[in-house]
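Asks:
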Ligand code: DX5
Ligand code: ZN
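In our numbering, the protein residues as written are 1 to 237.
1. Strictly by DSSP, which residues pair up with residue 119?
2. Between the segment 27-43 and the segment 53-61, do at least 3 Cβ pairs fall closer than 8 Å?
3. What are the boundary residues of the beta strand (DSSP E) that includes residue 183?
4. Which ranges does the beta strand (DSSP E) cover as unbroken runs of at least 3 residues, wholly within the segment 18-61, from first to last along the chain?
5. For residue 323, I'd like the list of residues in its chain whose CB is within less than 7 Å of its CB, leaving aside the five on either flank, ordered along the chain.
6. For the beta strand (DSSP E) that contains residue 71, what are its first and last residues?
7. Can residue 12 be considered in contact with the ligand DX5, in the sense that its beta carbon sits closer than 6 Å to one or more heavy atoms?
8. Could you check what DSSP says for residue 84 in three-state terms: helix, strand or coil?
9. Taking the C-alpha atoms as reference points, what is the distance between residue 45 and residue 73?
10. Closer than 7 Å by C-beta to residue 195: which residues in its own chain qualify, once you throw out the five before and the five after it? Chain order, please.
11. Measure the C-alpha to C-alpha separation of residue 206 and residue 189 and round it to an integer number of angstroms.
12. Can you find at least 3 beta carbon pairs, one from the segment 66-85 and one from the segment 127-138, that sit closer than 8 Å?
13. Taking residue 128 and residue 166 to be in contact with their CB atoms under 8 Å, please state how far apart those CB atoms are, rounded to whole angstroms.
14. Any heavy atom of the ligand DX5 within a distance shorter than 6 Å of the CB on residue 184?
15. For residue 157, count the other beta carbons within 10 Å of its own beta carbon; 16 or more makes it buried, fewer makes it exposed. Which is it?
16. For the beta strand (DSSP E) that contains residue 8, what are its first and last residues?
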C-alpha cells in the first residue's frame, strides 16, 4: 500500500545523563518523541545492571504531560515475576525476550491482562521461527540489532534481512498491525536502511542522548535521515 508512513522514534534512556534524567526525557518529549524506552537489565540475562520500576514510576508524570508511552524492555531471566510491578509503576507496554520465556503464551496473556501492550524481543541469533505461534497475539516484535546489554554498539548488518523477512511474514499472515521495532545501533547512518527493511519503530539511545549535539538537534537529524529514506511504501501505525 503506497504512501508515507509515520515512523516512531522511541528514546532509550539508557544513554541519558542519570543525574538529570527527568530533564533529558522532557527534552526528548518536547522535541516530539512519544515513546520512552526503559531498558531493564539484571546482570544475568545480560552482563549489565540498569534500572527498575522506580524509574518508570518517576517518569510516568512527565510522560503523561506529553501523552507519551513508556515502554519497558525486560532483559531479565524471570520476567514473569516483575510484569505486574512494572505495569503498576506505569508501563504502557512491556517486551520480554523469547530466550527467557519457556511459557511465552502465558507471559503475553499476563501482560495483556495487566492492561499493557505486549512485545517479544529477539536476540540477533534467535530465529524468527520462534515467533511463529505467538505472532498473532503480539502488538510488536522488538528485533535486537545489537546484542542486548549496552548502548552505543554497532548495528549488526545481517539484521536487515531478518527485518525484511519479518515484514514479509506479517504481510502474508495479514498481521500488519503488529509493529516492528528495532533496538540497537540506530543513528542517522543506519536509520534509513532500517526503515527500508520494514521497521516502523526505531529505538534510539546514544544517538539522541550524547555530548555531540542537543537532544532536539539529534532528533532533527534522525528524522531528516528517515524522511529522505527512499522506498518507504508501507502503512504504519
Ligand atoms: C541495549 C538496549 C538498547 C540501547 C540502545 O541492550 O536494549 O535499548 O539503549 O542503545 P543505542 O541506541 O546506543 O544502540
Ligand atoms: Zn532496549
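Just so it is clear, CB atoms sit at the ideal spot from N, CA and C, and this is done for glycine as well.
Replies: Once the coordinates are examined:
1. 95, 140
2. yes
3. 179-183
4. 35-41
5. Outside the displayed range of the chain (1 to 237) lies residue 323, so it cannot be described from this structure.
6. 69-75
7. yes
8. helix
9. 12 Å
10. 7, 226, 229, 232
11. 13 Å
12. no
13. 6 Å
14. yes
15. exposed
16. 8-12
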